Every structure is written in structure tokens, then in C-alpha cells.
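Below: one structure, written as C-alpha cells.
Protein chains in written order, with my numbering: chain A, 1 to 195; chain B, 1 to 561.
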């Protein structure tokens with residue numbers, strides 16, 4: 001029983017300090033000093049969010065660059081106890097979690113590869129990302145789509161290759177991470193190009 | 001490849017650069033020489049009635065009482081979150097078994113997630129419930145390590161410190177300042193920090209995309225610094241809003257190992273012989289580099305079954321993010337399993353068989369490669385005790401460590417801890433198979449299915465928290481069994497090591513003689529590594545052969561399941 005009072009006092013005090021004061025203070029700082037980042041780095045278009053700069057979104061039309069395959073799902077509207085495929089569902093992040101020897105993995109990759117033509121293809125175009133919300137493609141993954149997008153839009157491939165090149169972000173500080181292309185930014189630039 | 005190795009080398013160099021000064025600071029905190037928040041500290045401790053220095057049994061009882069209280073509060077918050085504030089998405093209370101599993105998970109510093117964060121947890125649960133225990137379970141681990149260091153160093157002492165004081169100091173002086181600094185940087189890098197639940201965007205193609213938001217940065221900062229690992233979102237630090245770029249990735253990886261690595265050096269200072277800390281640091285570094293090399297080679301080589309579809313030069317990109325690439329994902333997978341962190345930035349279930357094996361083995365060895373905050377060091381000290389015991393047997397002398405005789409009592413207590421991992425992993429997994437509960441939860445067929453099961457019980461017993469997430473763990477059976485495994489893995493180590501510390505505290509150190517086996521040189525480091533690999537690895541070789549090794553051989557042979 002000698003341990004009861006210190007347990008109760010310190011659990012209460014630290015719940016207040018680390019569970020409420022600390023996160024709320026960071027929230028206040030974020031909302032006041034860095035409101036764009038603190039609220040999800042939203043990209044606005046005509047006053048409404050068109051997405052987040054950091055979160056991938058689905059593109060299916062041939063005239064857009066397509067993001068990586070996504071394994072996210074959503075509840076089936078017809079039967080909420082079941083799930084249906086819902087790529088880039090940013091309210092339910094998920095990878096495929098398929099192991100390397102799973103038949104389902106090879107089948108999924110084969111189907112994606114077949115849709116792209118004869119392979120092998122840039123790996124990011126046929127593999128599901130960890131989050132299902134990967135906002136990026138490798139530069140190769142974007143360049144591989146140039147001819148399809150160019151044909152759909154009636155634009156010269158050269159112009160699109162230049163657009164992709166302009167959107168390649170290098171390694172952070174030239175050192176960390178990988179070179180990549182933000183798909184949402186690229187597609188927004190693509191739409192701007194047409195006008 | 002050279003670009004990759006430069007990133008890894010930079011990580012190692014920065015980790016050492018952080019660990020050295022942090023070690024000085026941690027030692028100062030736990031010897032009462034850091035006082036800039038002394039009024040707050042005094043207020044808390046006097047309100048609590050913290051009392052005097054404690055014998056090991058009292059110290060352990062305080063820890064158990066505090067953790068039990070924390071568990072009860074967290075269970076209540078989770079089960080009744082629908083009646084509590086800050087629930088913008090209107091989530092229901094958790095089922096009893098999920099609330100129990102999650103409460104045990106966060107109190108034991110495991111942070112296994114049987115739930116998906118953004119689809120289950122209210123903001124109040126994330127903040128007052130989970131974030132609080134992220135701090136307190138880490139502070140509990142640091143308190144244990146500090147008490148053990150004191151006990152090992154003491155001379156004819158009855159006490160090993162005061163749990164309430166250690167807990168308070170670790171939280172106020174180490175975790176809170178560190179978490180605040182990291183959280184602010186993460187917000188600047190794009191990690192959200194808001195009380196709104198989600199925002200709906202109208203996408204370029206005209207669809208609706210609901211993007212979950214919340215107080216993310218404050219949770220991510222402490223989940224890394226405290227080697228907790230429980231993320232705000234389902235996919236943890238693979239989520240672009242938890243980990244938006246390679247810089248946030250690097251900062252989080254450094255945060256995972258900073259305190260564990262610093263504590264090893266602090267230990268050397270606290271026992272009055274810095275060489276002791278450096279020897280352990282070196283042994284851990286060798287294991288870390290080895291694990292990185294093996295995992296990197298496997299992931300870089302990729303999946304031959306995918307070679308017809310995906311450019312093999314890119315490596316195994318299934319379940320990985322473009323912005324981190326192979327090296328950023330591998331470095332993370334190694335650090336998170338070497339420490340008892342368990343956060344992920346790539347899906348471990350989709351690692352190559354040998355990459356997955358290394359992640360599993362890191363945990364099975366006891367997460368002693370810097371390890372969890374506090375408890376990684378104490379786990380390593382148990383191996384030190386075995387090593388001096390084996391060395392003593394070889395030369396026919398009573399084993400000594402830090403001048404103190406290691407006798408039957410200490411060896412028996414240490415031997416007890418050797419049973420923890422085999423029972424929690426092998427016995428519990430066997431029960432799951434025998435009752436049919438394993439078969440009902442695995443996603444993949446073939447040897448990978450066994451790996452999914454074994455990884456779950458390895459992660460729980462090792463208090464890691466990462467997962468082969470295809471495994472459906474949110475069932476009454478697995479929630480309860482994994483909960484038991486987490487308790488066994490946490491307190492099955494903490495209680496014996498505190499008892500050993502209490503026993504050693506009472507002894508008188510003898511001065512070193514020509515016959516003393518030094519525990520700070522390269523010979524000792526080699527012996528220590530051999531002991532770890534023999535004891536740890538041999539226990540699990542059979543099950544690893546049936547799971548990841550069989551899968552690797554199948555993969556090379558072109559076999560799918």
C-alpha cells in the first residue's frame with residue numbers, strides 16, 4: 001500500500017504533463033507558427049483542398065501520370081463487414097503485407113506488368129508501397145509513362161520529359177534518401193501546361 | 001551502392017557523435033547532478049511521498065505498482081473512449097481484449113498494434129492514453145538501468161536508488177526536452193499536429209479523398225525517443241504524414257538508438273570505469289553493422305520471383321517507399337529491431353526471407369544491440385554475467401565482474417531470464433498452432449505463414465512491436481496470448497536483473513589482481529559476442545530453419561505458395 005500514493009500521484013501528474021500539456025503545446029506551436037505543415041500540407045485549388053503535397057492520390061486516366069500500386073482498402077458499402085480495394089484511401093493506410101513467395105504477390109505484379117507492356121519495368125510501378133499512400137515515383141517510373149501521357153494529351157514527348165525532369169527532387173542535402181518525383185505536383189503542372 | 005553505404009556510414013558516425021555527450025548527460029541525470037527543473041521535481045516527489053532510497057525488492061514493487069496503475073488507466077481510456085472528449089471521428093470504445101492487449105502493449109514499451117491507429121483511436125486515446133505511456137514505459141526502463149548500474153557499482157549497500165525519483169528525473173530531464181525538440185522539427189518537416197480528425201480533398205480526377213490527421217508529431221517524437229514504436233497511423237512511420245522525407249527518416253532513426261546507445265556509455269561512467277561502457281558499446285556496434293550488412297545484401301538482391309516484372313536493379317521494393325529506398329528502409333528495419341522500438345518505415349512482412357530473418361533474429365537475441373531504452377543495456381548485462389561465468393569455468397576461478405564475485409545466486413537468476421524468450425516465442429506459438437488459432441490468422445501459405453506467426457510472438461515477447469502485419473492478431477486468443485507474452489518479456493527480465501543488482505550492491509568489490517579476467521578488452525568483446533550467438537541464436541535456429549530459411553531456399557528454387 002506504500003506504493004499506492006506515489007503511483008496515483010505520479011500517474012495523474014504525468015498524464016497531465018506528457019499526455020495533455022505536451023501534445024497541446026506542440027499543437028499550439030504548430031497551428032500558430034507552421035499552420036500549413038501542422039494541418040497536413042494541403043494543396044489548395046480555388047479555396048478547396050485538392051489533396052496533400054505529402055499524400056499520394058489515385059490517378060487512373062491515361063492523360064495523367066499514375067502513382068504506385070496501392071494496397072489500401074475500405075469497408076464495402078454493400079456489406080460493412082467486408083472490405084473492398086480502395087487505392088490511396090488516406091483514412092486507412094496499409095501495405096500488401098504479402099511475402100516474397102506468395103502466389104498472390106506474383107499474380108498482382110504480373111497483372112500490373114502486363115498492363116504496362118513487356119517488362120521488366122521500373123520496380124516502383126509494379127510493387128505496392130508500404131503505406132499505400134506513397135506520393136512519389138522514381139524518375140524512371142515517371143519517365144516510363146511519358147509516351148502514354150503524351151499520346152493521350154496530344155503533347156510532344158520531349159515537353160513531358162522536360163516536365164518530369166523539372167520535377168525530379170534529388171536526395172536531401174544531396175545525400176539522404178532517393179531521387180523522386182511527386183506525382184500530384186507533376187500532374188498539377190501537367191494540367192497547367194495544357195492551358 | 002556507394003551512395004547507400006555513405007548514408008549508412010553517416011548514420012553510424014552521427015549516432016556515436018550523439019551518444020557520447022548524451023552518455024555524459026544521462027549519467028549526470030541519474031546521479032542527481034542535473035537540477036534545472038529541481039522545483040518541479042521536488043514538487044512532484046513530495047506530493048507523491050516518494051520517500052528514501054529503496055532496496056531492490058521495494059524498488060521493483062514500486063515499478064510494478066506504477067505500471068499496474070498505468071495499465072488500468074490506459075485500459076479504461078481505451079475501452080471508454082467513446083465517452084471521452086477529443087473524438088472527432090466518433091470512434092467506438094475498444095473491445096475488452098483489444099483494450100487489454102493495447103494497454104499491456106504500451107505499458108511494457110512494446111507498442112504492438114493490434115489496431116489501425118487512424119481507424120480506431122480517438123485523439124484523447126492517442127494523447128492522454130498512448131503518448132503518456134510512451135513516456136512512462138520508457139522512463140520505467142531507464143529507471144531500471146540506472147538502478148542496475150548503481151547496484152553493480154555500490155559497495156556494501158542495501159539500496160539501489162528510489163524508483164519514483166529515477167522515473168521523474170528520466171521523464172523531466174531526458175524524455176520531455178528531447179521529445180519537444182524532435183516534435184517541433186517534425187512539424188516543420190510536415191508531420192501534422194492538429195486536433196481535427198480528417199480533411200476531405202476533391203482530387204484532381206474529381207474523387208473524394210479523406211485524409212486522416214491528428215496530433216501526430218507529438219506522438220511520433222516520443223515513440224522514437226522512448227523506443228516505443230507505436231505509431232499514430234496503421235502503417236506507422238511508412239505513412240508520409242508520420243515520416244515525410246529522408247531527413248525526418250534520418251532524425252527518427254537517430255532518435256531510436258540515441259538514448260540506448262548513450263545509456264551504455266552512461267553505464268561506464270556510473271560504475272566508475274568508462275572502459276566497461278565502451279566495451280559493451282563496441283560489441284553492440286559489431287552486431288549492428290553485421291545485421292545491417294546481411295539485411296542490406298538481401299534486400300538489394302531482391303526477389304528473384306519478381307525479376308520478370310520489376311527491374312531487379314531496384315532491389316525488393318514491395319512494401320517500401322520511394323523516398324526512403326532500399327538503404328533507408330534497411331537501416332530502419334535493423335535499428336528498430338535491434339532496439340525494442342518496433343516502429344516501421346517498410347512492411348516487414350514483405351521483406352526478403354533473409355531480411356525478415358535478420359529482423360526476427362535481432363529481437364530473439366534479446367534486443368541487446370543498444371536495445372530498448374534502459375532495458376537493452378540490462379539485457380546485455382545478463383549476457384555479460386554469462387560470459388564471465390563461462391570464462392570462469394574455463395580457467396577454474398570464481399567469476400568476477402567489476403571486482404564482485406558472481407556466485408550461484410546471480411547465475412541462477414540470470415539463467416532464469418534465458419527461459420523468457422523460448423517460452424514466449426516457441427511455447428506460445430506452439431500453443432497457437434495446436435489450438436488452430438495460428439492457422440486462422442496467418443495470411444500467407446507455406447513457410448512464410450510460419451514466419452508470420454513466429455514474428456508475432458517474437459515481437460511481443462521481445463517487447464518490440466513491429467509485425468509481419470499480414471498476421472491477423474486482433475482476435476481474443478492472440479490479443480490475450482500476445483499480452484501475456486509482452487508481460488513475460490518485460491517483467492521476466494526486469495525482476496531478475498533488479499534482484500541481481502540488489503545482490504551485487506551488498507558485495508564488497510575486490511581489487512583487480514593478475515588473475516582477474518578483464519571485462520573491457522577485445523578478448524572479452526569476442527567472448528561476449530560468442531556467448532550471445534551461441535545462447536541466443538542456437539535456441540531459435542530450428543524455427544528459423546522451418547520459416548525464413550526454408551522460404552529462402554524455396555524462393556531460389558522458384559517455388560511459390
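Note that beta-carbon positions come from the ideal geometry of N, C-alpha and C, so glycine has one too.
In this text the structure is predicted, and so the values were computed from the model without any measurement.
Would you say residue 399 (chain B) lies against chain A (beta-carbon separation less than 8 Å)?
Counted from its first residue, the second chain places residue 399 (chain B) at position 399. Not closer than 8 Å to any Cβ of chain A, the Cβ of residue 399 (chain B) fails to qualify, so no.
Out of curiosity, what's the CA-to-CA distance linking residue 472 (chain B) and residue 108 (chain A)?
Taking the first residue of the second chain as position 1, residue 472 (chain B) is located at position 472. Taking the first residue of the first chain as position 1, residue 108 (chain A) is located at position 108. In a straight line, the C-alpha of residue 472 (chain B) is about 21 Å away from that of residue 108 (chain A).
How big is the Cα-Cα spacing for residue 133 (chain A) and residue 157 (chain A)?
Sequence index remark: in the first chain, residue 133 (chain A) carries index 133 (1-based). Sequence index remark: in the first chain, residue 157 (chain A) carries index 157 (1-based). Rounded to whole angstroms, residue 133 (chain A) to residue 157 (chain A) spans 28 Å at the Cα level.
Terminal residues of the beta strand (DSSP E) in which residue 178 (chain A) lies:
The count along the first chain starts at 1 and reaches residue 178 (chain A) at position 178. Taken as a continuous stretch (DSSP letters only), residue 178 (chain A) belongs to no beta strand (DSSP E), as it is neither H nor E.
Note down, in chain order, each residue of its chain lying with its Cβ closer than 8 Å to the Cβ of residue 44 (chain A), except the 5 sequence neighbours on either side.
Counted from its first residue, the first chain places residue 44 (chain A) at position 44. Within the same chain, residue 44 (chain A) has close Cβ partners 50.
Are any of the Cβ atoms in chain A nearer than 8 Å to that of residue 164 (chain B)?
The count along the second chain starts at 1 and reaches residue 164 (chain B) at position 164. Yes, residue 164 (chain B) counts as interfacial toward chain A.
Is DSSP giving residue 223 (chain B) helix, strand or coil here?
The sequence position of residue 223 (chain B) within the second chain is 223, counting from 1. The three-state secondary structure of residue 223 (chain B), taken from DSSP, is helix.
Minimum C-alpha distance to residue 184 (chain B) - residue among B:154, B:68 and B:217
Numbered from 1 along the second chain, position 184 holds the residue referred to as residue 184 (chain B). Looking at the Cα atoms, B:217 is the closest of the given residues.
DSSP beta-bridge partners of residue 202 (chain B):
Taking the first residue of the second chain as position 1, residue 202 (chain B) is located at position 202. In the DSSP output, where bridge partners are listed per residue, residue 202 (chain B) has B:208.
Whole angstroms are fine: how far does the CA of residue 168 (chain B) sit from the CA of residue 43 (chain B)?
As a position in the second chain, residue 43 (chain B) is number 43, starting the count at 1. As a position in the second chain, residue 168 (chain B) is number 168, starting the count at 1. The straight-line gap from Cα to Cα measures roughly 11 Å.
List, in order along the chain, the chain B residues whose C-beta lies closer than 9 Å to that of residue 121 (chain A)?
Numbered from its first residue, the first chain carries residue 121 (chain A) at position 121. Within chain B, the residues near residue 121 (chain A) are 309, 310 and 311.
Whole-angstrom distance between residue 152 (chain A) and residue 63 (chain A), CA atom to CA atom
Walking along the first chain from the start, residue 63 (chain A) turns up at place 63. Walking along the first chain from the start, residue 152 (chain A) turns up at place 152. Cα-Cα distance, rounded: 5 Å.
First through last residue of the beta strand (DSSP E) which encompasses residue 50 (chain A)
In the first chain, counting from the first residue as 1, residue 50 (chain A) sits at position 50. Per DSSP, residue 50 (chain A) belongs to the beta strand (DSSP E) from 48–52.
Give every residue of the same chain whose Cβ lies closer than 6 Å to the Cβ of residue 68 (chain A), excluding the five residues on either side of it in the sequence, and list them in chain order.
For the purposes of this step, residue 68 (chain A) is taken as residue 68 along the first chain, with counting starting at 1. If we look at residue 68 (chain A) and ignore the five residues flanking it on each side, its Cβ neighbours are 124, 129 and 134.
Report the option in B:135, B:8, B:543 and B:106 whose CA atom is closest to the CA atom of residue 429 (chain B).
Within the second chain, residue 429 (chain B) is the residue found at index 429, counting from 1. For the residues B:135, B:8, B:543 and B:106, the minimum Cα distance to residue 429 (chain B) belongs to B:543.
Starting from residue 320 (chain B), follow its DSSP beta bridges and name the residues at the other end.
As a working note, residue 320 (chain B) is residue 320 in the second chain. Paired residues: none, contrary to the question.
Proximity winner among B:332, B:10 and B:96, relative to residue 340 (chain B) (alpha-carbon distances)
Within the second chain, residue 340 (chain B) is the residue found at index 340, counting from 1. The residue with the shortest Cα to Cα distance from residue 340 (chain B) is B:332.
Using DSSP bridges, identify the partner residues of residue 193 (chain B).
For this step, residue 193 (chain B) is matched to residue 193 along the second chain. Note: residue 193 (chain B) sits in a beta bridge opposite B:215.
Between residue 134 (chain A) and chain B, is the shortest Cβ-Cβ distance under 8 Å, so that the two count as touching?
For this step, residue 134 (chain A) is matched to residue 134 along the first chain. Cβ-Cβ to chain B under 8 Å: yes for residue 134 (chain A).
Where residue 85 (chain A) falls, given that 16 or more other Cβ within 10 Å makes a residue buried
Numbered from 1 along the first chain, position 85 holds the residue referred to as residue 85 (chain A). Exposed.
Is there contact here, the region 354–366 of chain B with the region 247–259 of chain B, by at least three beta-carbon pairs under 8 Å?
no
Exposed unless 16 or more other CB atoms sit within 10 angstroms - verdict on residue 85 (chain B):
Position 85 of the second chain, counted from the start, is the residue given in the question as residue 85 (chain B). When all chains shown are included, residue 85 (chain B) counts as exposed.
Spatial neighbours of residue 137 (chain B) in its chain, beta-carbon cut-off 6 Å, leaving aside the 5 residues before and after:
Taking the first residue of the second chain as 1, we reach residue 137 (chain B) at position 137. Excluding sequence neighbours, residue 137 (chain B) sits near 107 and 109.
Would you call residue 231 (chain B) buried or exposed, if buried means 16 or more other Cβ atoms sit within 10 Å of its Cβ?
Position 231 of the second chain, counted from the first residue, corresponds to residue 231 (chain B). Under this definition residue 231 (chain B) is a buried residue.
Inter-stretch contact (C-beta, 8 Å, three-pair minimum) for the region 219–229 of chain B and the region 92–100 of chain A
The region 219–229 of chain B vs the region 92–100 of chain A: no contact.
Tell me which same chain residues have a C-beta within less than 6 Å of the C-beta of residue 648 (chain B), skipping the five on either side of it?
Shown here, chain B extends from 1 to 561; a query on residue 648 (chain B) therefore has no answer.
Just to confirm the assignment, what range does the alpha helix (DSSP H) spanning residue 270 (chain B) have?
For this step, residue 270 (chain B) is matched to residue 270 along the second chain. For residue 270 (chain B), the enclosing alpha helix (DSSP H) stretches over residues 246–270.
When the Cα of residue 165 (chain B) is compared with those of B:50, B:410, B:116 and B:510, which residue comes out closest?
In the second chain, counting from the first residue as 1, residue 165 (chain B) sits at position 165. The residue with the shortest Cα to Cα distance from residue 165 (chain B) is B:50.
Are at least three pairs of beta-carbons, each pair with one atom in the region 117–126 of chain B and one in the region 144–162 of chain B, less than 8 Å apart?
no
Just the C-alpha distance for residue 141 (chain B) and residue 259 (chain B), rounded to the nearest angstrom, thanks.
Residue 141 (chain B) sits at position 141 when you count from the first residue of the second chain. Residue 259 (chain B) sits at position 259 when you count from the first residue of the second chain. C-alpha separation (whole angstroms): 11 Å.
Out of B:229, B:199 and B:76, state which residue places its alpha-carbon closest to the alpha-carbon of residue 42 (chain A).
Residue mapping note: residue 42 (chain A) aligns to position 42 of the first chain, counting from 1. Out of B:229, B:199 and B:76, B:199 has the C-alpha closest to the C-alpha of residue 42 (chain A).
Counting only the same chain and skipping the five closest in sequence on each side, list residues whose C-beta sits under 7 Å from that of residue 501 (chain B).
Taking the second chain and counting its residues from 1, the one referred to as residue 501 (chain B) is at position 501. Answer for residue 501 (chain B): 56, 147, 148, 151, 152 and 160, listed in chain order.
If we call anything under 8 Å between Cβ atoms a contact, is residue 127 (chain B) one with residue 19 (chain A)?
Position 127 of the second chain, counted from the first residue, corresponds to residue 127 (chain B). Position 19 of the first chain, counted from the first residue, corresponds to residue 19 (chain A). Result yes, Cβ atoms of residue 127 (chain B) and residue 19 (chain A) sit closer than 8 Å.
Can you give me the start and stop residues for the beta strand (DSSP E) that residue 79 (chain A) sits inside?
Residue mapping note: residue 79 (chain A) aligns to position 79 of the first chain, counting from 1. Counting along the chain, the beta strand (DSSP E) containing residue 79 (chain A) begins and ends at 79–85.
Short Cβ contact (8 Å threshold) for residue 90 (chain A) with residue 209 (chain B):
Start at 1 with the first residue of the first chain, and residue 90 (chain A) comes out as number 90. Start at 1 with the first residue of the second chain, and residue 209 (chain B) comes out as number 209. Taking 8 Å as the Cβ cut-off, residue 90 (chain A) and residue 209 (chain B) qualify as a contacting pair.
What do you get for residue 52 (chain B), buried or exposed, if any count of 16 or more other CB atoms within 10 angstroms of its CB means buried?
By one-based count along the second chain, residue 52 (chain B) stands at place 52. Label assigned to residue 52 (chain B): exposed.
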